[in-house]
Every structure is written in structure tokens, then in C-alpha cells.
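Numbering (full-length UniProt numbering), first residue to last: 1 to 634. Don't be surprised by glycine CBs; every beta carbon is placed ideally from N, CA and C. Only a predicted model underlies this, so the values are computations on that prediction, with no experimental measurement involved. As C-alpha cells, the structure follows; a few thoughts come after it.
Take a look at the structure:
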């Protein structure tokens, strides 16, 4: 982030020929201008509340809009999801087309926090209630606002209660268990549904759904009918959630629901307000995730990373990217891909036809490194952000960015899929696999220390960066990725024999990671399964790819004075990026929400399953890092 911070200081002057980067600089400047934000007080948010139908909590406006009208307009104009989450996604059955998707919208807290009776859960609930009441008072709500905010809280809680803590993620478990081709939430029949089907399954009235959706998409001039194709999660857990939401809509006071909708708007824009609002939110977040250092400039860049990701990516790439890295990463990827294909030959748990399909998919994986080429072209980059109307004020700029994002997304509905589109900013420290593009992408931000440095020995770069590449390749064959074929379409290309064996091998990892404990709480082996499959597969592919590089080049020497062998240094290179220190509250929050395992066990888990590690460090057979029983999917 510091690289971007420095780049932003003179971005408007240095990139005066790019309107999009000038816009980005203006938005950033308005965000760090806390004096201007303080001077404007509560008026920006108070005016927004009035503009969108009022809020009885603060006594502003008549709250005259219907629920479906309010839902549609705050989604269309402010990108705030309420009750139901609506988006445009790639059609699972046809990766060349887009489809409407409906899911449940997140509540003010994670679902489990509404009923977690541990001391941690109680503290988080109390902190959330305090946050709600504080914000209402800051906006001018009197003593009665406390009562109304608790009505909103009770509405949220009534939806959340009765849904098991990890039940949504366990939709994946149903997918693993059900091997007859009718996997709940991912079966072929569940992706060939319509708005009418959704209403039957969820108990929402068709008129409600059509009016809500037609309002939300009114700027695209799209009019929906009940036979519009739609994708929605179809497991028992999700249907229960949908039915709970529909019940609340029908039988709870519409005034309470409209107040809830406006609370979601207020919460979404709190960080654009004066410091008293910001501190109220931070105090709540501290209860959820531990003490967090807050720097305004850092928050501003993070909040802009999604809507302004490509302009920030341009600034980052210009300041800190070595173009020769692309060649290195592509060579790594080629070796890792070949290692995966070679390993299929000895995968006796798969039949010939499934192996053949897996090989075809692996060979078809596309890779991109660094950044999309168009961000280097000012005219193309400017066109990407042509609909953003920036102002001098951050509150309005926040709205403008959100509006741009949601309108771009909704505008894709009747358009073909651009399979070359990048999902994340090049400035981010990440790599990702897209199952519906069958594509791996390694962002410029991750191509730096501790994952990569041009001057590092290859065994360190392969241990760290090549493991990440192998991790992403393996995602194409985890419990979700394996459901898509080489073209990115949802297709069951697995034989029953191979599928059964995959499930057995996956459950071994579930049980292994279930046994890892962090601050008295166990990792959830189901929640983290796909990432654990990728971690375990990635380190093996990286090791084999490095051996391939040595064979084609020459064996490297050790680092002087450390006493470690080359193989040992490879594994040290793998472990280094995951070195971290967590406070208890932050660690527990990570266990609750992160699909990745706790960093310590992202190292110990895969290495204890890898024979080459035990050989490199002479681990005694049966010891913690060389157990008799090892788990392996790939």
C-alpha cells in the first residue's frame, strides 16, 4: 500500500493525460481530506436518508416507499443489498453467457454471532448493538431511536436464528456426500431455474420479485418476466434462509423492514462520514476482529481497490513491476502444469476416462500474469471509468463509485461473457483461479517479496511463488472446481468410481484439519477444505516443478553459513510468506470467516502430508511432521 500511497501524491500531475487516473486522484484526495468531511457534518448522510424514502429511526422523511421499491432503488443507485442479494454472474451451464443470480444478503453481523452464547459471541452482539444505537444518535435520533434500532436488530436476529453456525458453507459438504449426480446446491436441475421457480421454493410472491428486480434494473431498460432464467443456491440451508426472509417480509411490520433497509444503507456509508461515525464502526470491528490499526490513507486505498482497481493497478505497475517477471512466471506455470499432468499417470484412484478429462482440463488452463494490457493505454483505461462522475466530496464519491460498479455489473446481463476480464486489481497481493474461465491469474502485487524476488535463488522462489501457482492450478480440481469442464461449463465429467475415491481422500483432509486448534477453537475442515486441497496439491507441484527446473538448468548452491540443504531451503521458502502473529480475537475471527486455514497450519498441514519434507528434515516415522497416515487428494 505504501507504494500506492507515494504514487497517489502526484498522480494528477504525472498522469494529466489520463482522465481516469485524474479521477482516481481526486477521489483519493477527497477521502483523506478529513477536515472537509468534518466540516460537512451529518448533512450528506441525512440528505441521502431523506432522498431514499426517509428513516423513522431519526424521524426524517415519511418512509412512504414500499419495501420492494426501497430495496430496488438502494440496490440500483447505492449498491446496497438488502434481504436478497441480486447479481449478474456467468451462467454455470454456459460460460459464454451471463445469468441473473439470487442469494441471501448478509446481515449486519455474521449469522452465527446472533446466537453464539460464548463470551466472545455475547461481546460481539453487545458491541454491534452499541454501534447501531450510537450511529442513530449521531444522526439525530432521540431516546426512542434506541428502541427502533433494537427492532431492527431483532429483525436481523429472527432471520439468523435457527440457521446453524457453519451451515451455509456446509452446502459444500452436501455436494461431497451426494454422489448420485443430484448434489444439493450444485445439481444440474438447480441451475436451470426461473424466477417463478425461485418464488415457489422461497415463498416470495412473484409480483414482489418482479417489481423489485424491474426497479433495480430500470436503468438497463430490462423488464423481467417470471420465466427469466435465474441461478440460486438450492440446498436445504439456503431454501430455509429464503423462506425465513419471505416470512419476515410477509408478517413483520413493513415499517421495521424499511428501517432495516435504511440501516443497511447507513452502515454501508458510515466510513464516509465524520470521525465520530468512523470511531463507532471501528469500536465494533475491534470487538469482532481484535485491535486494528487504522490509518485513513490506507483505508482510502483499500476502499477504492475494487471500484478503481485498474487505475490503481496502473499506478502500481508503473511504479513497481519488472516486465521480465512475466517470462519467469510463465515458465514456472508450464512446469507446474506438466507436473500435474504427469502425476495423473500414477493416480490409481481415478479411471482412465476421468484422468483423460482431467488432463484435457489442465492443459486448457489459461494463465495471465501481472496486469491486463489495456490499463497501459490511457484511452482504453479512461473508457473503463467514463461513467464515474467524481466530485470534491468523498461521501458523494463513495456513492458514485458504488453506482458505477452496480450499473456495470447489471449492464452485463444481456451481454456475452468477456473471458479475458480480470476480477481483481493488479495492485492486490493475490493470485486466483476462475473455474468458469478455466484461468489462473497472478497479479502484479504478489510478484514481490516474500513471494518472489528476481535475485532470490530459484529454490526460494519455487517454494513460495510456484507453490501459489500450483495452489491455483489445483483449485481447478478441488471439490468445487472439479464440477466444471475445460470450457468452464458445469458438467459432471467424473465416473462414480473416481468420484467416490475423491470424496474419501477429501474427507481425510477434513478430519486432519478438524484436529488443529487455535486459541482453544478448532479449524473447520469443511469450511477450509478447498483451500486445504489447493495448499496440499500446490506444494507438491512446486517441488516437482523445481526438480524439473534443476534438470534443465543446474543444481543451485546453498545459502552460505546457514547449514540448510537446498531441499530444506525450498521448504523454508514455502513457509516464509505465512509467518504471522495474531491476537486472539483476530485469530478467532479468521477461523469464523476465512476459507483458508490458520497460517500456521497452512504450513504444518501440507508439509506433514509430504514425504519429501520428512526426508529433507529427517523426520522420524510416526512423528508429528511425518505421521504414518498422510492425506492426499492430488
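query                                                                                                                                                       : result
So what does DSSP say about residue 231, is it helix, strand or coil?                                                                                       : strand
Are residue 319 and residue 25 touching if we call contact CB-CB under 9 Å?                                                                                 : no
Can you tell me where the alpha helix (DSSP H) with residue 197 in it begins and where it stops?                                                            : 195-202
Beta carbon of residue 427, beta carbon of residue 443: below 9 Å?                                                                                          : yes
Which two residues bound the contiguous beta strand (DSSP E) that contains residue 80?                                                                      : No beta strand (DSSP E) contains residue 80, which DSSP labels as neither H nor E.
Can you list, in chain order, the residues of its chain whose CB lies under 6 Å from that of residue 268, leaving out five sequence neighbours each side?   : 80
If the criterion is Cβ atoms closer than 9 Å, does the pair residue 161 and residue 114 meet it?                                                            : yes
Rounded to whole angstroms, what's the CA-CA distance from residue 639 to residue 491? Just pull it up for me.                                              : This structure does not reach residue 639, given that the chain is present from 1 up to 634, and the question cannot be answered.
Could you check which residue in 336, 424, 621 and 362 has the C-alpha nearest to that of residue 446?                                                      : 424
Between the segment 13-24 and the segment 35-49, do at least 3 Cβ pairs fall closer than 8 Å?                                                               : no
Does DSSP classify residue 396 as helix, strand or coil?                                                                                                    : helix
Could you give the distance in angstroms between the alpha-carbon of residue 413 and the alpha-carbon of residue 333?                                       : 33 Å
Please state the DSSP three-state secondary structure of residue 90.                                                                                        : strand
Going straight from the alpha carbon of residue 481 to that of residue 249, what length do you get?                                                         : 35 Å
Can you tell me whether residue 159 is buried or exposed? The criterion is at least 16 other CB atoms within 10 Å of its CB, across all chains shown.       : buried
Out of 484, 457, 550 and 146, state which residue places its alpha-carbon closest to the alpha-carbon of residue 263.                                       : 146
Under the three-state reduction of DSSP, which class applies to residue 171: helix, strand or coil?                                                         : Low confidence applies here, because residue 171 scores a pLDDT of 46, under 50, leaving its location unreliable; read the following figure in that light. Helix, per DSSP.
Can you tell me the Cβ-Cβ gap for residue 339 and residue 607, rounded? I've got them flagged as a contact below 8 Å.                                       : About 18 Å; that fails the 8 Å criterion.
Classify residue 403 as helix, strand or coil using the three-state DSSP reduction.                                                                         : helix
Can you tell me where the beta strand (DSSP E) holding residue 440 begins and where it ends?                                                                : 439-443
At 4 residues or longer, what runs of the alpha helix (DSSP H) sit wholly inside the segment 479-537?                                                       : 496-514
With three or more C-beta pairs closer than 8 Å as the rule, is the segment 405-421 touching the segment 208-227?                                           : yes
If you measure between the beta carbons of residue 460 and residue 631, is that distance less than 9 Å?                                                     : no
Assign residue 618 to one of three DSSP states: helix, strand, or coil.                                                                                     : coil
Within a Cβ cutoff of 7 Å, which residues of the same chain sit near residue 488, ignoring the five residues on either side of it in sequence?              : 95, 435, 436, 437 and 438
DSSP beta-bridge partners for residue 101?                                                                                                                  : 87 and 231
Which residues does DSSP list as the beta-bridge partners of residue 626?                                                                                   : 623
Using three-state DSSP, classify residue 345 as helix, strand or coil.                                                                                      : coil
With contact counted as at least three CB pairs below 8 Å, one residue from each stretch, are the segment 578-594 and the segment 553-570 in contact?       : no
Can you tell me whether residue 633 is buried or exposed, with buried defined as 16 or more other CB within 10 angstroms of its CB?                         : buried
Tell me the residue span of the beta strand (DSSP E) that contains residue 419.                                                                             : Neither: residue 419 is in no beta strand (DSSP E) and is coded neither H nor E.
For the structure I just gave you, are there three or more beta carbon pairs, one from the segment 282-292 and one from the segment 80-91, closer than 8 Å? : no
Helix, strand or coil, according to DSSP, for residue 264 in the structure here?                                                                            : helix
Counting C-beta neighbours from all protein chains within 10 Å, is the total for residue 383 16 or more, i.e. buried, or is it exposed?                     : exposed
What's the call for residue 48, buried or exposed, on a 16-neighbour Cβ count within 10 Å?                                                                  : buried
For residue 23, name the three-state secondary structure that DSSP assigns.                                                                                 : helix
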